[in-house]
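Letter by letter, the sequence shown follows residues 0 to 488 in numbering that gives the first Met the number 0.
Don't be surprised by glycine CBs; every beta carbon is placed ideally from N, CA and C.
Notes follow the structure.
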Amino acid sequence: MSPPGNLYVTMQPKPGLSLDQFHEWYNNEHGPTRLRLPQIFSNGLRYKATDGQEPTYLAAYDVTSMPHLETETYLTLRANRSPREAETIGQVDVKRYFWDLVHSNESDKFVPFEKLTDEEAEGLQTTAVTIELKDVEGAAEEYQKWLVEEHIPMLAKVPGWLRSRAFKTSYLEGQGKTTFLALHDYAKENGQGGEEHKASMDTPWRTKVFDKFVASKGRRTYSLFYVFGPAPRELEALSKLPSTAAFTSPDSKQSTTPGPNAAINSFVTTSDSLVIPYRLEGNPDPKAPTIAFTNSLLTSLHMWDPLVEILKRERPEFRILRYDTRGRHAVPQPPVAATVDRLTDDIREVLDALRITKLHTLVGVSFGGVTTLNFAIKYPERLQQFIACDFNPTSSAANTQAWKDRTALAEEDNGKGIEKLAGQTVQRWFHPSTNAETVKWMTEMVAANDVEGFKYSNTALWEAAVCTRSSPQYRSMWIDADCDIRWKQ
């Protein structure tokens with residue numbers, strides 16, 4: 000069986016490289032591209048040294064199976080660096096190490112770091128110990144036996160101990176002396192340096208092993224400061240960069256706007272392979288409360304542009320998330336009819352990818368209003384309050400037929416019928432006195448919708464019955480037609 004392991008990368012920015020540039024590149028480009036390969040990388044963690052030594056920064060990626068690092072998928076990723084990545088990494092002293100896992104032991108209080116919230120994860124402590132062995136027969140076996148049978152069980156008695164893992168030089172490193180790496184994870188407050196810790200390093204067995212088999216020992220201490228997700232979210236460093244640091248990926252799927260109006264345009268791939276574009280902007284503080292918007296059928300995240308500009312100006316304390324709902328673009332093949340639950344899970348997967356544990360507010364209109372209500376019911380722990388606009392929580396057979404008729408119209412003339420549907424749809428949405436430019440803008444937005452995406456997403460509104468479920472208590476706003484606004488505490 001192929002061994003799991005760890006890709007262990009130490010980094011020291013060279014003089015002249017802005018730390019904001021370094022962190023923005025690594026957090027928004029380098030790390031997320033790895034986490035988009037969950038078959039290879041189960042997590043990605045960034046640490047900063049606490050011992051005053053260099054290299055200052057460490058990135059550690061758990062690898063599901065070390066042979067994956069020899070596959071075309073990973074090697075192509077490394078070979079096809081963006082010009083920005085090549086320029087930045089040239090200003091960083093980087094050393095990469097491959098380690099095969101040989102042993103792991105964890106406390107019953109241990110939770111994988113990627114499963115923790117950012118607040119819970121930030122500040123967790125890790126001690127890394129490297130051991131170079133003497134060229135003595137049986138050295139690796141004897142050292143590993145002591146480490147696994149005595150040392151780690153004794154470390155488990157140290158207050159705050161969470162986990163210890165033992166690695167040895169991976170076969171990927173080629174021929175050479177075997178080196179061991181031990182990673183010991185601790186809570187933010189722990190007993191390192193205390194009696195239990197000292198006892199683990201002062202035993203007859205340890206003395207014998209070190210005297211006979213160990214050539215040298217290295218010890219580094221680190222504090223965890225960033226946990227990657229598969230979606231870029233680093234607004235803080237981005238907001239401090241000049242306009243010249245704007246970035247667009249070679250495939251144009253990701254772009255960043257630096258400076259005081261920092262914004263990230265990128266994407267999330269869902270569990271059923273749907274690509275969902277999103278835009279993150281507003282307050283760059285990673286701890287800022289987040290408002291998310293979910294749009295109506297046949298529109299894009301840009302339907303919120305005017306409102307978002309007002310919100311950023313009047314309520315600068317909020318971070319703002321928008322995304323294109325299922326059906327705006329091409330859908331995975333073979334196409335599957337969407338449901339309200341599937342739309343709801345799309346929001347959850349976007350939030351998970353961005354490591355947003357709980358929203359301050361979710362705002363949805365029409366198609367998005369149904370999704371908002373269902374999200375509030377299905378995932379109450381992920382939401383503080385919501386605003387739902389212009390939707391029916393239940394539907395009917397007549398409504399289903401109306402959506403089928405609209406689909407048929409959109410499919411006419413090899414899909415060009417969507418332009419006719421756009422005119423009819425927008426006419427229903429706006430008052431006759433609405434600004435003509437606004438009507439034109441929205442009509443063009445609707446006409447640009449993917450026809451097959453529309454066909455397989457409007458099914459979520461066929462005879463939907465969200466209101467039949469029990470609902471937790473929320474502070475909520477309901478907005479209907481004719482300017483009817485109702486608050487519910």
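{"query": "Decide if the segment 331 to 348 is in contact with the segment 371 to 386; the criterion is three or more beta carbon pairs, one per stretch, under 8 Å apart.", "result": "yes"}
{"query": "So what does DSSP say about residue 99, is it helix, strand or coil?", "result": "strand"}
{"query": "Using the three-state DSSP reduction, which class does residue 291 fall into: helix, strand or coil?", "result": "strand"}
{"query": "Rounded to a whole number of angstroms, what is the C-alpha to C-alpha distance between residue 320 and residue 415?", "result": "31 Å"}
{"query": "Find the nearest neighbour of residue 235 within the set 85, 451, 20, judged by alpha-carbon distance.", "result": "20"}
{"query": "Grouping DSSP H, G and I as helix and E and B as strand, with all else coil, what is residue 485?", "result": "Its pLDDT being 43, under 50, residue 485 is placed unreliably by the model, and nothing is read from it."}
{"query": "Do you know whose CA, among 95, 69, 132, 325, lies nearest residue 214's CA?", "result": "132"}
{"query": "Going by DSSP, what residue range makes up the beta strand (DSSP E) through residue 384?", "result": "382 to 388"}
{"query": "Roughly how far, in whole angstroms, is the beta-carbon of residue 223 from the beta-carbon of residue 123, given that I think they are within contact range, below 8 Å?", "result": "4 Å"}
{"query": "Please report the distance separating the alpha-carbon of residue 350 from that of residue 356.", "result": "7 Å"}
{"query": "Where does residue 311 fall in DSSP's three states?", "result": "helix"}
{"query": "Quick check on residue 39: does DSSP put it in helix, strand or coil?", "result": "coil"}
{"query": "Give me the Cβ distance between residue 189 and residue 157, rounded to the nearest whole Å; I'm assuming they're in contact under 8 Å.", "result": "7 Å"}
{"query": "Does the structure place the segment 149 to 168 close enough to the segment 95 to 110 that three or more beta carbon pairs sit under 8 Å?", "result": "yes"}
{"query": "Just the Cα atoms here: how many angstroms apart are residue 435 and residue 299?", "result": "19 Å"}
{"query": "Quick one: give me the first and last residue of the beta strand (DSSP E) that residue 134 is part of.", "result": "Here residue 134 belongs to no beta strand (DSSP E), and DSSP marks it neither H nor E."}
{"query": "Among 368, 309, 91, which residue has its Cα nearest to the Cα of residue 54?", "result": "91"}
{"query": "So, using beta-carbon positions, are residue 59 and residue 5 closer together than 8 Å?", "result": "yes"}
{"query": "Taking Cβ to Cβ, would you say residue 359 is nearer than 8 Å to residue 317?", "result": "yes"}
{"query": "Need the endpoints of the alpha helix (DSSP H) that residue 12 sits in, please.", "result": "First-last for residue 12: 4 to 12, but that is the beta strand (DSSP E), not the alpha helix (DSSP H)."}
{"query": "For residue 386, count the other beta carbons within 10 Å of its own beta carbon; 16 or more makes it buried, fewer makes it exposed. Which is it?", "result": "buried"}
{"query": "On the DSSP letters alone, give me the boundaries of the alpha helix (DSSP H) that residue 374 sits inside.", "result": "366 to 377"}
{"query": "Please name the residue in 280, 417, 406, 390 whose C-alpha comes closest to that of residue 310.", "result": "280"}
{"query": "According to DSSP, which residues form a beta bridge with residue 105?", "result": "162"}
{"query": "Is the distance from the Cβ of residue 243 to the Cβ of residue 49 below 8 Å?", "result": "no"}
{"query": "Select from 263, 400, 344 the residue whose C-alpha is nearest the C-alpha of residue 271.", "result": "344"}
{"query": "What are the uninterrupted segments assigned as beta strand (DSSP E) that are 3 or more residues long and contained completely in the segment 143 to 211, given in chain order?", "result": "160 to 168, 178 to 185"}
{"query": "Is the beta carbon of residue 97 sitting closer than 8 Å to the one on residue 171?", "result": "yes"}
{"query": "For residue 246, which beta-bridge partners are listed by DSSP?", "result": "255"}
{"query": "To the nearest angstrom, how far is the alpha carbon of residue 211 from that of residue 137?", "result": "10 Å"}
{"query": "Taking C-alpha atoms, which residue in 428, 297, 439 lies nearest to residue 406?", "result": "297"}
{"query": "Report the rounded CA-to-CA distance for residue 458 versus residue 452, giving the unit in angstroms.", "result": "11 Å"}
{"query": "Looking at the strands, I want to know which residues DSSP matches up with residue 423.", "result": "BP columns for residue 423 are empty, so no partner."}
{"query": "Take every Cβ of the segment 191 to 202, pair it with every Cβ of the segment 323 to 332, and state whether three or more of those distances are shorter than 8 Å.", "result": "no"}
{"query": "Are the segment 180 to 189 and the segment 111 to 129 in contact at 8 Å, needing three or more beta carbon pairs?", "result": "yes"}
{"query": "Once DSSP output is grouped into helix, strand and coil, what is the label at residue 229?", "result": "coil"}
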